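Those sequence lines, one after another, are chains A and B.
For what it's worth, the working numbering labels the leading residue of the first sequence as 169, then goes sequentially.
For what it's worth, the working numbering labels the leading residue of the second sequence as 146, then goes sequentially.
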Amino acid sequence: MVVLVVIEGVAVALLGVLVAGLLRTHADILRSLHRLEIADRPVAISLSEARGAEPDLRLRPGVPRPRGVTKPGFDVAGTTPTGDAVQIGVVGAGESTVLAFLSSGCQTCAEFWRAFATGAVAVPGGGRLVIVTKGPDEESPASIQSLAPPAATTVMSTAAWADYRVRVVPYFVYVHGPSGEVVGEGAAGSWAQISSLLEQALVDGGLLERVGANSDDRHGRIDAELMAAGIHPGHPSLYPAPLPQVPTSRPNAI
Amino acid sequence: MTALSGYGLAVTLPSGWDGRIYRRTKGLVSGASLSDGTATSGSAGGQAGTSFRPPVVLQAANVPIPATAGDFGGGAVEQVGPGGIVAVLFEYPGSAGTALFRSQGIPRNLKPRDFDRATLQRAIAGHVGVQRFFTESGRAFCLYAVLGDQPDRTPLVAAVNDLLGTVVLQPAP
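If you want it as structure tokens, here you go:
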């Protein structure tokens with residue numbers, strides 16, 4: 169009897185270990201999927217609706233909901249990675265600003281540091297890009313200095329993170345300069361995604377004309393230039409003869 | 146309004162303005178030491194082979210100041226249109242009290258007529274500028290300001306004077 173109880177106890181213990189192992193593996197898989205998801209697709213971006221409608225967004229855990237309607241922007245004051253005092257005029261500025269909140273440690277941020285280091289970054293709507301890290305109290309100036317692209321403005325300012333209520337990195341905020349209001353914000357895994365989503369938000373908000381919206385004008389201009397060059401409808405150059413077939417031969421075996 | 150300070154300079158910037166205060170290190174010979182605030186250089190305000198303190202630069206503008214902007218606002222002044230303002234204080238260490246810098250105190254009462262196209266370091270259509278050399282707190286500075294001219298430049302000059310009114314110059318640290 170005692171032997172049976174012992175055997176049963178051992179079996180239960182083994183099953184318990186097995187279940188614990190399965191649960192742990194399941195958790196690992198979920199964590200991996202979560203990481204892949206964050207790296208591969210945008211998690212949130214929105215236009216702060218001037219119309220007042222709350223955007224319908226599904227947010228990943230840990231990603232803050234974009235702030236509501238017509239939130240004010242703030243000037244960004246802090247230090248450069250070399251310790252110099254600097255202020256970036258954001259509110260009331262003649263042009264708009266994209267604030268890129270990055271850190272030296274996050275893996276997704278590395279993608280953006282690399283993208284910004286390749287040269288001039290085209291900001292939708294013609295604004296400028298400003299990289300904002302936390303201040304020297306929470307970030308290593310030497311690390312930021314090694315990452316900061318020479319041509320981009322980088323400000324270390326913990327106060328700016330508090331002003332814009334940034335809780336995750338990377339995070340992007342688009343401030344419309346003349347009005348001083350945040351018109352879009354969110355996160356994504358690459359600059360191409362951010363750029364595309366910001367452009368979409370600006371178009372939706374009437375702050376940017378959709379690319380290709382003037383296609384009729386462009387077609388008309390192309391027609392005019394062709395006609396000025398003597399190329400009218402039906403011109404032979406518009407209908408080139410097909411290229412002669414080139415006989416193909418198998419390479420000689422060596 | 147944000148107060149910037151560094152290297153014995155301070156300024157309060159209006160909202161929407163860019164500004165920075167930095168110590169010029171470009172042009173220093175390799176191996177120069179800045180740890181004690183002095184360096185050996187063949188340029189940037191010192192004579193070849195002499196010991197000097199790197200110049201301090203204050204820039205303020207109501208247009209974006211690129212990270213790569215020159216000391217006198219090159220890179221920013223090109224963006225100045227009507228109503229635009231770029232103001233620079235550039236220090237000339239070791240020159241305090243010399244003939245060029247004999248004027249005492251930072252100018253804070255500029256007049257519209259003080260601004261002229263001929264004063265521009267780089268002539269750009271529609272721009273007018275002013276340069277003043279002075280000594281304050283034992284430090285020699287050049288004030289250089291550029292305006293994107295408009296029919297009535299009075300409010301622009303007033304904005305420059307307001308800005309200069311907030312500048313605090315202390316003895317070199």
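Note that beta-carbon positions come from the ideal geometry of N, C-alpha and C, so glycine has one too.
From a predicted model like this one, the values you see are computed outputs, not experimental measurements.
Is DSSP giving A:C277 helix, strand or coil here? If you number the first sequence from 1, residue 277 of chain A lands on position 109. Here A:C277 sits in helix by DSSP.
At the level of alpha carbons, what is the spacing between B:V201 and B:F235? On the second sequence, position 56 is the one that residue 201 of chain B refers to. On the second sequence, position 90 is the one that residue 235 of chain B refers to. About 6 Å.
Which residues in chain A sit within 7 Å of B:D163, going by Cβ to Cβ distance? Counting from 1 along the second sequence, the entry for residue 163 of chain B is found at position 18. Within 7 Å of the CB of B:D163, the CB atoms of chain A belong to Q255, I256 and G257, in sequence order along the chain.
Taking only runs of the beta strand (DSSP E) that begin and end inside the segment 225-273 of chain B, which ones reach a length of at least 3 residues, in chain order? 230-236
Name the DSSP beta bridge partners of B:R168, please? Stepping through the second sequence from its first residue, residue 168 of chain B is reached at position 23. BP columns for B:R168 point to B:V201.
Return no unless some Cβ of chain A is closer than 7 Å to the Cβ of B:P209. For the purposes of this step, residue 209 of chain B is taken as the residue at position 64 of the second sequence. Yes, because at least one Cβ of chain A sits closer than 7 Å to the Cβ of B:P209.
Can you pull the chain B neighbours of A:P318, defined as C-beta to C-beta under 8 Å? For the purposes of this step, residue 318 of chain A is taken as residue 150 along the first sequence, with counting starting at 1. The answer, in chain order, is A212 and T213.
Tell me whether the segment 247-254 of chain A and the segment 292-299 of chain A touch, counting them as touching only if at least three CB pairs, one residue from each stretch, are closer than 8 Å. As far as the Cβ criterion goes, the segment 247-254 of chain A does not touch the segment 292-299 of chain A, which means the pair count is below three.
Reference A:S308, options A:V298, A:L267, A:S272 and A:A356, closest by Cα: Numbered from its first residue, the first sequence carries residue 308 of chain A at position 140. When each option's Cα is compared against that of A:S308, the closest is A:S272.
Can you name the start and end residues of the beta strand (DSSP E) that A:V351 belongs to? Here the question's residue 351 of chain A lines up with position 183 in the first sequence. Element bounds for A:V351: E349 to A355.
Along chain B, in chain order, which residues have C-beta atoms closer than 9 Å to that of A:E263? Taking the first sequence and counting its residues from 1, the one referred to as residue 263 of chain A is at position 95. Ordered by position in chain B, the residues that pass the 9 Å Cβ test against A:E263 are V208, P209 and Q224.
Chain-order list of residues whose beta-carbon lies under 8 Å from that of A:G260 (same chain, five-residue window excluded): For the purposes of this step, residue 260 of chain A is taken as the residue at position 92 of the first sequence. Result list for A:G260: G345, P346 and G348, in chain order.
Pick helix, strand or coil for A:V174, following the three-state DSSP scheme. Here residue 174 of chain A refers to the residue found at position 6 of the first sequence. Helix.
Give a yes or no on whether the C-beta atoms belonging to B:V313 and B:A155 are separated by under 7 Å. Indexing the second sequence from 1 puts residue 313 of chain B at position 168. Indexing the second sequence from 1 puts residue 155 of chain B at position 10. Yes, they are a contact pair.
Hey, quick one: how far does the beta strand (DSSP E) through B:S150 stretch, first residue to last? By one-based count along the second sequence, residue 150 of chain B stands at place 5. Looking at the DSSP string, the run of the beta strand (DSSP E) that includes B:S150 is T147 to G151.
Taking the alpha helix (DSSP H) that A:A328 belongs to, which residues open and close that run? Taking the first sequence and counting its residues from 1, the one referred to as residue 328 of chain A is at position 160. Where A:A328 is concerned, the enclosing alpha helix (DSSP H) stretches over T326 to D331.
For chain A, find out if any of its Cβ atoms is closer than 7 Å to the Cβ of B:I230; answer yes or no. Counted from its first residue, the second sequence places residue 230 of chain B at position 85. In terms of beta-carbon proximity, B:I230 stays away from the interface with chain A, with every pair separated by 7 Å or more.
Using a Cβ cut-off of 7 Å (strictly closer), state whether B:T147 contacts chain A. As a first step, residue 147 of chain B is located in the second sequence; it is residue number 2 there, counting from the start. With 7 Å as the cut-off, B:T147 counts as an interface residue toward chain A.
Helix, strand or coil at A:I399 [DSSP, three-state]: Stepping through the first sequence from its first residue, residue 399 of chain A is reached at position 231. Note: A:I399 maps to coil in three-state DSSP.
How is the beta strand (DSSP E) around B:A290 delimited, first residue to last? Within the second sequence, the letter at position 145 stands for residue 290 of chain B. Unbroken beta strand (DSSP E) run through B:A290: R284 to G293.
In angstroms with no decimal places, state the Cα-to-Cα distance between B:I269 and B:W162. The count along the second sequence starts at 1 and reaches residue 269 of chain B at position 124. The count along the second sequence starts at 1 and reaches residue 162 of chain B at position 17. If you take the alpha carbons of B:I269 and B:W162, they lie about 22 Å apart.
Residue range of the unbroken beta strand (DSSP E) whose run includes A:G246: Counting from 1 along the first sequence, the entry for residue 246 of chain A is found at position 78. A:G246 -> beta strand (DSSP E) spans V244 to T247.
With 7 Å as the threshold, decide whether the Cβ of B:I166 is near any Cβ in chain A. Here residue 166 of chain B is taken as the residue at index 21 of the second sequence, counted from 1. Chain A, which has a Cβ nearer than 7 Å to the Cβ of B:I166, makes this yes.
Beta-carbon proximity list for B:F217, same chain, < 8 Å, skipping 5 on both sides: To locate residue 217 of chain B, count along the second sequence from 1; it is residue 72. These residues qualify, in order along the chain: V233, F235, Q266 and Y289.
Do B:P227 and B:G293 have their beta-carbon atoms positioned less than 7 Å apart in this structure? Walking along the second sequence from the start, residue 293 of chain B turns up at place 148. Walking along the second sequence from the start, residue 227 of chain B turns up at place 82. The answer is yes: Cβ separation under 7 Å.
Does DSSP put B:L154 in a helix, in a strand, or in coil? Taking the second sequence and counting its residues from 1, the one referred to as residue 154 of chain B is at position 9. Looking at B:L154 - three-state DSSP - the assignment turns out to be strand.
Is it right to say A:I175 is buried, meaning 16 or more other beta carbons lie within 10 angstroms of its own, or is it exposed? Sequence index remark: in the first sequence, residue 175 of chain A carries index 7 (1-based). It is exposed - the Cβ of A:I175 has fewer than 16 other Cβ atoms within 10 Å.
Would you say A:T321 lies against chain B (beta-carbon separation less than 7 Å)? What you label residue 321 of chain A is simply residue 153 of the first sequence in a count that begins at 1. It does; some Cβ of chain B falls within 7 Å.
Starting from A:Q368, follow the alpha helix (DSSP H) in both directions and report where the run begins and ends. The residue given as residue 368 of chain A occupies position 200 in the first sequence. From DSSP, the alpha helix (DSSP H) with A:Q368 extends over W359 to D372.
Residues of chain A with CB closer than 7 Å to the CB of B:G271, please, in chain order. Here residue 271 of chain B corresponds to residue number 126 of the second sequence, with the count starting at 1. Against chain A, a Cβ distance below 7 Å from B:G271 picks out nothing, because the smallest value is about 15 Å.
Going by DSSP, which residues form a beta bridge with B:D163? Counted from its first residue, the second sequence places residue 163 of chain B at position 18. Looking at the DSSP assignment, B:D163 forms a beta bridge with B:A206.
Mapping the DSSP letters down to three states, classify A:T321 as helix, strand or coil. Translated into the one-based positions of the first sequence, residue 321 of chain A becomes position 153. Residue state, collapsed to three classes: strand.
Assigned secondary structure, A:Q255 (DSSP; H/G/I helix, E/B strand, else coil): Locating residue 255 of chain A in the first sequence gives position 87, counting from the first residue. Strand at A:Q255.
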